[in-house]
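Let me begin by presenting the structure, written as C-alpha cells, before commenting on it.
Residue numbers (this note's numbering): 89 to 338.
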C-alpha cells in the first residue's frame, strides 16, 4: 500500500493496446511495481521526471508497437505502430525528421526479423513486452534513474544503472531470462551508452528543465530524442533475443 507521503497518480493510457495491458493504470512504486506503466507523483516535494514507455506485442509474425515519452508530466513523444510523433517542439524539424527515420528503421528491422522467423516456426502465442525507463530529479538535487522490463505482465529484467548490468527478475523460465540478459550485455548501446543516458544525459535534461522553468535549452533537445532512440534500440535487441531463444513463444 502506498503511503500518504508518496502519492501517485496513473497517467491515462491513450491507445487500445495499452488499455489492453493489465499493468497500465495500476499505481505502484517504480522499484517494485509492473514496468509497463507511466506514473507521476503529485505534491509540493514531487521530483521532476522524464519517463519513457515502450510496449511491443508479437503475434503470428506481426509486431505491434506503442509508446510515449513524458517530460515533467507533459507528453513529449508518442509512438504508434512505426510512427513516432514529437508532441512538444523540443527539436528543429529537420533534426527531428532524422531521429524519427532512425527509430522507424529500428522498428522495421525488428518487424522483418519477426516475420522471417514466423515463417520458419509456428508462432501462435502473443508476446507482450513492456519497457519503462527514465530518471527523477528531487528537490534536494539528488537523482535516480531506472530501466525496468516486463514480459507478459511479469517483471522480467532490470537495468542496474550504477554498474551498467542487467539483472534477472523473471520468476520462471530462467533460460529465457538468461538469454535475453546475455543479448543485452553484448552491445554498448544497451550497457554503457544506456548507463550514460540514464545517469548523465537524462538528469541533465531535468536540470535544464528545472532551471529554465519549463523551457528547454538547445543543448538538451537532441539528447532527449536520443533517449527515445536508445530505448527503441534496447527493446528491439531484447525482443529479438527473446524471439530467437523461444521460437516466438513466451
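Ideal placement from N, C-alpha and C gives every residue a C-beta, glycine not left out.
The Cβ atoms of residue 188 and residue 176 do not sit closer than 8 Å to each other.
Taking the CA atoms as reference points, residue 172 sits about 22 Å from residue 294.
Contact annotation: residue 144 and residue 153 have beta-carbon atoms nearer than 8 Å.
Between residue 155 and residue 136, the C-beta gap is not smaller than 8 Å, which leaves the two residues out of contact. One thing to note: residue 218 has its Cβ no nearer than 8 Å to the Cβ of residue 233. Looking at the DSSP output, residue 155 sits in a beta bridge with 142 and 167.
Taken through DSSP and simplified to helix, strand or coil, residue 231 comes out as strand. When the beta-carbon positions are compared, residue 256 and residue 239 stay at least 8 Å from each other.
Contact annotation, residue 252 with residue 277: C-beta distance approximately 11 Å; criterion of less than 8 Å not satisfied.
Between residue 220 and residue 286, the gap from beta carbon to beta carbon reaches 8 Å or more.
Residue 159 counts as buried, since no fewer than 16 other beta carbons sit within 10 angstroms of its beta carbon. Judged by DSSP secondary structure, residue 176 falls outside any alpha helix (DSSP H); it is assigned neither H nor E.
As computed with DSSP, residue 224 is found in a beta bridge with 137 and 232.
Cα atoms of residue 230 and residue 250: separation of roughly 14 Å, rounded to the nearest angstrom.
Residue burial is scored here from C-beta neighbours: residue 181 has fewer than 16 other C-beta atoms within 10 angstroms and is therefore classed as exposed. Spanning the alpha carbons of residue 241 and residue 186 requires a straight line of approximately 33 Å.
Per DSSP, reduced to three states, the secondary structure at residue 276 is helical. Across the set 147, 148, 149 and 297, the C-alpha of 297 shows the shortest separation from the C-alpha of residue 227. Annotation: residue 146 to residue 183 spans about 31 Å, alpha carbon to alpha carbon. Rounded to whole angstroms, the gap between the alpha carbons of residue 236 and residue 165 is 19 Å. Between the C-alpha atoms of residue 247 and residue 280 there is a straight-line separation of about 11 Å. Under the DSSP assignment, residue 245 falls in the beta strand (DSSP E) whose first and last residues are 242-248.
For residue 258, the three-state secondary structure derived from DSSP is coil. C-alpha of residue 200 to C-alpha of residue 273: approximately 23 Å in a straight line.
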